[in-house]
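S.K.:
In the working numbering, the protein residues as written are 309 to 483.
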């Protein structure tokens, strides 16, 4: 297949099919990154809610002020960590502009196929290459954002655990 002089027939079909599969794989990668980031935030938010419930139960009228202050500080720090994790996770699932095949693109492709059939194969492969390149770059950005979000997620879990430990310690040692 000589793309310089026009790809046609079975060779072009194979190239286009490979490009379609590659684009589909990039879409699936994007969905996995999104699902992982959302799952992490669901878990962190649920864990934070449980910790707050335990901390609230540990605060009673007889809780010494030093322990109440320690629990409050731990709750604020854990809340900030959760907020930070959420902000970083939002970078993973935010929508990013990407070129797409739309009505105008299809019209241009049709005109190109009619006017220059010998060059159409090359133009079609270049179109897919550009779409794939952009999708891969967007997913690389998502992967990088997920890495940062995962680090913040671990901190949010750990700091909520620390708050839980302070709340429980207040019941054991504070009375």
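Where is the CB? At the ideal position from N, CA and C, for every residue including glycine.
#1: Pick helix, strand or coil for residue 324, following the three-state DSSP scheme.
#2: For the alpha helix (DSSP H) holding residue 299, just list the boundary residues, first then last.
#3: Indicate the three-state DSSP secondary structure (helix, strand or coil) for residue 399 in the structure shown.
#4: Is the separation between the beta-carbon of residue 457 and that of residue 356 shorter than 8 angstroms?
#5: Tell me the DSSP secondary structure of residue 367 in three-state form.
#6: Is it the case that the CB of residue 358 approaches a heavy atom of the ligand HEM more closely than 7 angstroms?
#7: Using alpha carbons as the reference points, say which of 418, 403 and 371 lies closest to residue 410.
#8: Quick check: the Cα distance between residue 365 and residue 394, rounded to an integer number of angstroms?
#9: By how many angstroms is the C-alpha of residue 383 removed from the C-alpha of residue 332?
#10: Whose CA, out of 321, 385, 372 and 423, lies closest to the CA of residue 465?
#11: Can you tell which of 390, 481 and 322 has the C-alpha that lies nearest to the C-alpha of residue 459?
#12: Rounded to whole angstroms, what is the Cα-Cα separation between residue 463 and residue 440?
#13: Counting pairs of Cβ atoms below 8 angstroms between the stretch 366 to 377 and the stretch 430 to 438, do you hit three or more?
M.R.: By the coordinates alone:
#1: The residue given as residue 324 occupies position 16 in the chain shown. Note: residue 324 maps to helix in three-state DSSP.
#2: Residue 299 cannot be examined here, being either before or after the span of the chain that is shown, 309 to 483.
#3: The residue labelled residue 399 in the question sits at position 91 within the chain shown. It is helical.
#4: Position 149 of the chain shown holds residue 457. Position 48 of the chain shown holds residue 356. No.
#5: Start at 1 with the first residue of the chain shown, and residue 367 comes out as number 59. Reduced to three states, the DSSP call for residue 367 is coil.
#6: This structure lacks the ligand HEM, and indeed carries no ligand of any kind.
#7: By one-based count along the chain shown, residue 410 stands at place 102. The shortest Cα separation from residue 410 among 418, 403 and 371 belongs to 418.
#8: As a working mapping, residue 365 is identified with position 57 in the chain shown. As a working mapping, residue 394 is identified with position 86 in the chain shown. Straight-line Cα distance between these residues: approximately 26 angstroms.
#9: Numbered from its first residue, the chain shown carries residue 332 at position 24. Numbered from its first residue, the chain shown carries residue 383 at position 75. Going from the Cα of residue 332 to the Cα of residue 383 covers about 43 angstroms.
#10: Counted from its first residue, the chain shown places residue 465 at position 157. The shortest Cα separation from residue 465 among 321, 385, 372 and 423 belongs to 385.
#11: In the chain shown, the residue the question calls residue 459 occupies position 151. For the residues 390, 481 and 322, the minimum Cα distance to residue 459 belongs to 390.
#12: Sequence index remark: in the chain shown, residue 463 carries index 155 (1-based). Sequence index remark: in the chain shown, residue 440 carries index 132 (1-based). Their Cα atoms are separated by approximately 35 angstroms.
#13: no
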